[in-house]
Amino acid sequence: MNAKRLFPIRMFSVFLFVLAVWAGPALFAGGRRDAAAASPEQAIIRIGSLYEPGNLSNVDAGGQGITEAFNGNVYEGLFRLTDGGTVENLLAAGYTKSSDSLTYTITLREGVKFHSGKALTSADVKTSFERVIAETSLAARKSSYRVIKSIDTPDAKTVVFTLNSPSISFPYTLSYVWIVNADGRDLKTTEDGTGPYVLDTWIRGSSLSLKKWDGYWGPAAKNAGVVFNYFTDASALNNALLSGQIDIITAVQSPDAISQFENNAGFVINNGASTTKELLAFNDRVKPFDQVLVRKAIYSAIDRQKLLSSIWGKYGSLIGSMVPPTDPWYDPALVNANPYDPALAKSSLAQAGYPNGISFTLDTPTYDPHPLVAEFVKSELAKIGVEVTINPISADEWYTKVFRDRNFTATLQEHVNDRDVVWYGNPDFYWGYNNPQVTELVNQAEQSATADEQTRRLLEVNRIIANEAASIWLYLYPQIVIASSGLSGYPLNGLNSQFYVYNIVKR
Numbered sequence: 012m013n014a015k016r017l018f019p020i021r022m023f024s025v026f027l028f029v030l031a032v033w034a035g036p037a038l039f040a041g042g043r044r045d046a047a048a049a050s051p052e053q054a055i056i057r058i059g060s061l062y063e064p065g066n067l068s069n070v071d072a073g074g075q076g077i078t079e080a081f082n083g084n085v086y087e088g089l090f091r092l093t094d095g096g097t098v099e100n101l102l103a104a105g106y107t108k109s110s111d112s113l114t115y116t117i118t119l120r121e122g123v124k125f126h127s128g129k130a131l132t133s134a135d136v137k138t139s140f141e142r143v144i145a146e147t148s149l150a151a152r153k154s155s156y157r158v159i160k161s162i163d164t165p166d167a168k169t170v171v172f173t174l175n176s177p178s179i180s181f182p183y184t185l186s187y188v189w190i191v192n193a194d195g196r197d198l199k200t201t202e203d204g205t206g207p208y209v210l211d212t213w214i215r216g217s218s219l220s221l222k223k224w225d226g227y228w229g230p231a232a233k234n235a236g237v238v239f240n241y242f243t244d245a246s247a248l249n250n251a252l253l254s255g256q257i258d259i260i261t262a263v264q265s266p267d268a269i270s271q272f273e274n275n276a277g278f279v280i281n282n283g284a285s286t287t288k289e290l291l292a293f294n295d296r297v298k299p300f301d302q303v304l305v306r307k308a309i310y311s312a313i314d315r316q317k318l319l320s321s322i323w324g325k326y327g328s329l330i331g332s333m334v335p336p337t338d339p340w341y342d343p344a345l346v347n348a349n350p351y352d353p354a355l356a357k358s359s360l361a362q363a364g365y366p367n368g369i370s371f372t373l374d375t376p377t378y379d380p381h382p383l384v385a386e387f388v389k390s391e392l393a394k395i396g397v398e399v400t401i402n403p404i405s406a407d408e409w410y411t412k413v414f415r416d417r418n419f420t421a422t423l424q425e426h427v428n429d430r431d432v433v434w435y436g437n438p439d440f441y442w443g444y445n446n447p448q449v450t451e452l453v454n455q456a457e458q459s460a461t462a463d464e465q466t467r468r469l470l471e472v473n474r475i476i477a478n479e480a481a482s483i484w485l486y487l488y489p490q491i492v493i494a495s496s497g498l499s500g501y502p503l504n505g506l507n508s509q510f511y512v513y514n515i516v517k518r
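Here the working numbering is used: the first residue of the sequence shown is 12, the next is one more, and so on.
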C-alpha cells in the first residue's frame, strides 16, 4: 500500500466525517436533493469500491475490480450469469447440443454492434476465446477451456464448439468469456465491447466512469452512467457514503462502520449471498506444506470464529472447504473438519517431524482486510511455535509473484467465484494441490450426464480437500451492500465480483 497516497485519503475521510457531523441532516438532505434534481434516466450513479482495476483486461491480471466495473456493463458474453446464479442467453440467441454432448452450435443474436460500430460476427467470438486460452493469458478460469477441441465459424452468425469430452458446465463456463472485437486494440487501456455502457474516463488512483451507450442492442440502461470511485481505506469508503459523495458501496469491507448506517432512514443495508472465500493458501508443492499433517496443524491452530468475529462482528460465516452454501455441493458438516485445537496442532506438527515448530513467509496483499488477517494468523501460530514473517505485496505483485510465478510458500487471498472447488483438480493451479483422485473426480463430474451425478462427485471432492486441508478456508465474507435509500435496482449478491449497473435507478 502506498503510504503517501493513503495518508491524504484518510485525512480527507476524517474531514468528511467531521463535516457531516457538524452539518448534520442538512448536508445529507442537500446531497439527496441534488441527486434527485434530474430524472432517473439522466442520473449518474456514484459507486464506491476498494477494487480499482490493475488494467482494463480480464486476461492480463486486471483483478476483480475490472470484473466489477466491466462485466455485463461494458463487455458481454455469449451467456449471462444472473445475480441469482442462473445462466441466460446474452449474445447467444440460442444453441443446440449434439446427442453425444461433444458439439455445441451457437447462433449469435442479430443487430449487435461493438462500441466502435463494427457488427458482431462469429470471428469475434473465436478470437475472444483464443485470447483467453493463449499461453500469455492470465485468465483465472483458463484451464476450464482446455475441454475445447476446436472452434469453427461456418458463417458470420454461427459458432461451433467441438469438445474433447462432455462438459455439463459448458454454457456456464462460456458466461465468463468477454466477447471482444477481433480487429484488436490495446485492451489494457481501452475497450471495445458490446455492452450498454462505454468507457468514459479512467483516472488512475481515483475513479473510472462509464457512459450510457445509445447504440446498445438491448434494453437501454436506466441511468445516464456510473462512476466507480476507488478508495484504499475502508473507513474512507464508508465516510464517502455517509457524506453523500457516493450513492452505494458494492461490498462493505469495514464492518465496524455498519452501525453508522443502522436505524438511519437515509440508507438501506442489504446482506446478500456471498461466494467470496478468505483463504490462507499454501504452496502445496514445497516443504513443509507438502505434508497433510503440517497443513492440518496450521488449520487447527487458528481460531477462525474469533477471527471472523474480530473482522466482521455478527456478519459472515465459517466454511470448511472451497464451497459456499450457494453451491449445490456444499456440505455443512465440513465446517469443523479441522477444528480449532492448539494441542492437536502441536501434536500434528511433532508427528510430521517438526516438534520445535516451523517458520514461513506469508505474502499478504496490502488492501483490507488482509493485513489484519495476517496479524491475527501470525499471533495464533506463534502460540504453537510457528514463526510467521508477513511480506506485504500489492495486488499487481501478487498476480506476478504468486499466481503466475508460484514463487511463494503461503499467501492470503480472497477468491470470489462460485463453483471454484474444481480448481483443486488442477495440479498446475497456483497452490499446486495434487491429488490424482480429486483430479479424476473433477473430470468425472464435468462429464456427468446429470446434475445429480455432478453434485455427488463434487461433494466427494469437497470432503477430500477439507480432510487434507488443501488450503485453510478462514471464513466466507458477508455480501453487504449499503446504498442510499433513493437507490433501487442494484445487485445484492456477490457472485464472481460482477456488479450489473444498468438497472440502477436514483430518485
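Ideal Cβ placement from N, Cα and C applies to all residues, glycine included.
Does residue 484 come out as helix, strand or coil in the three-state DSSP assignment? strand
Backbone secondary structure at residue 99 - three-state DSSP: strand
In whole angstroms, give me the CA-to-CA distance for residue 506 and residue 327. 15 Å
Apart from the five residues just before and just after residue 412, which ones in its own chain have a Cβ nearer than 7 Å to its Cβ? 374, 404, 418 and 419
Could you check where the beta strand (DSSP E) with residue 403 kicks off and where it finishes? 398-404
Jot down the residue ranges of each uninterrupted alpha helix (DSSP H) in the stretch 339-395, minimum 4 residues, whole runs only, in chain order. 353-362 and 381-393
Can you have a look at residue 214 and say buried or exposed, based on whether 16 or more other CB atoms are within 10 angstroms of its CB? exposed
Is the beta carbon of residue 436 closer than 9 Å to that of residue 296? no
How would you write the range of the beta strand (DSSP E) that residue 165 sits in, first residue to last? 159-166
What is the DSSP secondary structure of residue 217, counted as helix, strand or coil? coil
Classify residue 245 as helix, strand or coil using the three-state DSSP reduction. helix
Report the rounded CA-to-CA distance for residue 512 versus residue 502, giving the unit in angstroms. 8 Å
Do the stretch 359-366 and the stretch 315-325 meet, that is, are 3 or more Cβ pairs less than 8 Å apart? no
Where do the ends of the beta strand (DSSP E) carrying residue 169 lie? 169-174
Which of helix, strand or coil DSSP assigns to residue 276: coil
Compute the Euclidean distance between the alpha carbons of residue 98 and residue 356, then round it to the nearest angstrom. 43 Å
Is residue 263 near residue 515, with beta carbons less than 9 Å apart? no
Straight-line CA distance for residue 338 to residue 432? 10 Å
Cα separation between residue 116 and residue 201? 31 Å
Which residues bound the alpha helix (DSSP H) around residue 472? 462-478
Can you tell me the Cα-Cα spacing of residue 124 and residue 509, whole angstroms? 22 Å
Output the distance between the C-alpha atoms of residue 185 and residue 88, rounded to the nearest integer angstrom. 7 Å
Which residue comes first and which comes last in the beta strand (DSSP E) that contains residue 494? 490-495
According to the Cβ coordinates, are residue 334 and residue 340 closer than 9 Å? yes
Whole-angstrom distance between residue 456 and residue 464, CA atom to CA atom: 7 Å
Could you check if residue 175 is buried or exposed, using at least 16 other CB atoms within 10 Å of its CB as the buried criterion? exposed
Is the beta carbon of residue 484 sitting closer than 9 Å to the one on residue 332? yes
When the Cα of residue 384 is compared with those of 370, 293, 401 and 69, which residue comes out closest? 401
Ordered along the chain, which non-local residues of its own chain (more than five positions away) have a Cβ less than 7 Å from that of residue 283? 490, 492, 503, 504 and 505
Candidates 230, 101, 163 and 488: closest to residue 379 by CA position: 488
Are the Cβ atoms of residue 104 and residue 132 separated by less than 9 Å? no
Would you kindly check if the distance between the Cβ of residue 198 and the Cβ of residue 209 is under 9 Å? no
Opposite residue 106 in the DSSP bridges: which residues? 117
Nearest to residue 236 by alpha carbon, out of 154, 170 and 206? 206
For residue 63 and residue 76, I'd like the C-alpha separation in whole angstroms. 5 Å
So, helix, strand or coil for residue 212, using DSSP? strand
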